[in-house]
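Enquirer: When we follow full-length UniProt numbering, the leftmost residue of the sequence shown carries the number 1, and every step to the right adds one.
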Amino acid sequence: MPRVALVTGATQGLGLALVQGLARRLEPADTVYLTGRDAGRIAEAVNATPRTGATVRGELFDVADPDAAGKLAEQMRQRHGGVDVVFGNAVMRIGPDDDPRALIDSYTQVNNFGTTRLLRAFAPLMRDGGRLIVVASSLGTLRHLAPVLHDRFDALTSLEEVDDQVAAWRDAVADGSARAGAWPGFVNIPSKIAQVAAVRVLAGRRREEDARRGILLAAVCPGMINTPTSGAWWDVRDAPSPAQAARPLLDLALGPVDPAHYGELVRFGKVLPWRPE
1 MPRVALVTGA TQGLGLALVQ GLARRLEPAD TVYLTGRDAG RIAEAVNATP RTGATVRGEL
61 FDVADPDAAG KLAEQMRQRH GGVDVVFGNA VMRIGPDDDP RALIDSYTQV NNFGTTRLLR
121 AFAPLMRDGG RLIVVASSLG TLRHLAPVLH DRFDALTSLE EVDDQVAAWR DAVADGSARA
181 GAWPGFVNIP SKIAQVAAVR VLAGRRREED ARRGILLAAV CPGMINTPTS GAWWDVRDAP
241 SPAQAARPLL DLALGPVDPA HYGELVRFGK VLPWRPE
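#1: By the DSSP assignment, the beta strand (DSSP E) with Y33 in it spans what residues?
#2: Does the separation of the CB atoms of A219 and A121 fall below 9 Å?
#3: Please identify the residue among R57, V46 and G13 whose C-alpha is closest to the C-alpha of A5.
#4: Would you kindly report the start and end of the unbroken beta strand (DSSP E) that includes L125?
#5: Ignore the nearest five residues each way along the sequence and tell me which others in D30's own chain have a CB closer than 6 Å to its CB.
#6: Below 8 Å, is the gap between the Cβ of R170 and the nearest heavy atom of the ligand FAD?
#7: On the CB-based measure, 16 or more other CB atoms within 10 Å of its CB, does T157 come out buried or exposed?
#8: When burial is assigned at 16 or more other CB atoms within 10 Å of the CB, is R179 buried or exposed?
#9: So does the region 99-117 actually touch the region 162-173, counting three or more Cβ pairs closer than 8 Å?
#10: Measuring CA to CA, which of Q195, D128 and D238 is closest to R152?
#11: Relative to the C-alpha of R101, which candidate in A203, A197 and A174 has its C-alpha closest?
#12: Would you call the CB atoms of S138 and L272 closer than 9 Å?
#13: Need the endpoints of the beta strand (DSSP E) that V63 sits in, please.
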């Protein structure tokens with residue numbers, strides 16, 4: 001059966017590198033969906049992808065739209081019957097000069113609610129041997145959060161609970177009360193922790209069945225990447241390019257399953273502990 005892969009946030013940077021890497025490694029009968037929210041940028045990205053290996057197909061998909069994930073998943077079910085690889089890579093970034101209070105609603109709609117919508121919609125479509133991977137970061141562990149806040153994201157039992165915690169944090173950022181509490185000022189930290197928490201929650205519900213079917217559900221940290229967005233925060237001159245950063249993620253998506261990776265945050269093939277050691 002031809003394989004089907006989908007990458008969100010795929011019109012540039014790491015997402016585009018993942019699409020191009022998947023296309024090279026898969027077979028001509030396979031399809032890789034390059035998705036984003038702007039039709040023009042999608043077309044440009046598809047045209048920039050070498051015509052080798054799998055077919056690359058552009059698809060509009062705005063993860064911030066509450067209905068978009070479900071609609072696209074149904075289209076994929078009708079077209080292909082299922083999906084083999086999904087990378088949740090869509091991200092809205094906040095720059096050093098941005099006011100998080102003004103942007104936090106849009107930010108969480110993409111990074112967090114977009115992630116849980118993707119997981120709800122596409123987990124049921126995973127074929128045997130599939131890979132459902134959320135791109136997060138090494139900031140997505142509890143060691144980066146004040147201990148008094150650990151219970152917000154630890155031991156949750158449903159994606160709805162994750163969404164509720166994200167909404168409470170979002171509201172605290174928006175009204176300024178987060179600044180007076182223990183929340184970190186860098187909003188990327190709680191956001192990434194919530195993404196990893198979502199993966200852990202879903203993994204807890206699917207672990208036995210996914211193990212039987214050879215499915216991997218995981219979060220992944222690509223490490224520092226040399227992109228203009230990262231360069232606004234850090235010195236990334238010596239960091240890997242998006243294509244280089246994509247390689248271990250592609251290995252995770254297309255190589256054998258390591259049971260230790262299931263439901264965890266993985267960086268360069270190693271599990272990053274969820275709780276402080």
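The beta carbon of each residue, even a glycine, is placed where N, CA and C say it ideally should be.
Expert: Quick answer:
#1: T31 to G36
#2: no
#3: R57
#4: Looking at the DSSP string, L125 is not in any beta strand (DSSP E), and its letter there is neither H nor E.
#5: P2, R3 and A54
#6: For the ligand FAD, the structure offers nothing, since it holds no ligand at all.
#7: exposed
#8: exposed
#9: yes
#10: Q195
#11: A174
#12: yes
#13: Note, V63: premise wrong, no beta strand (DSSP E); not H, not E.
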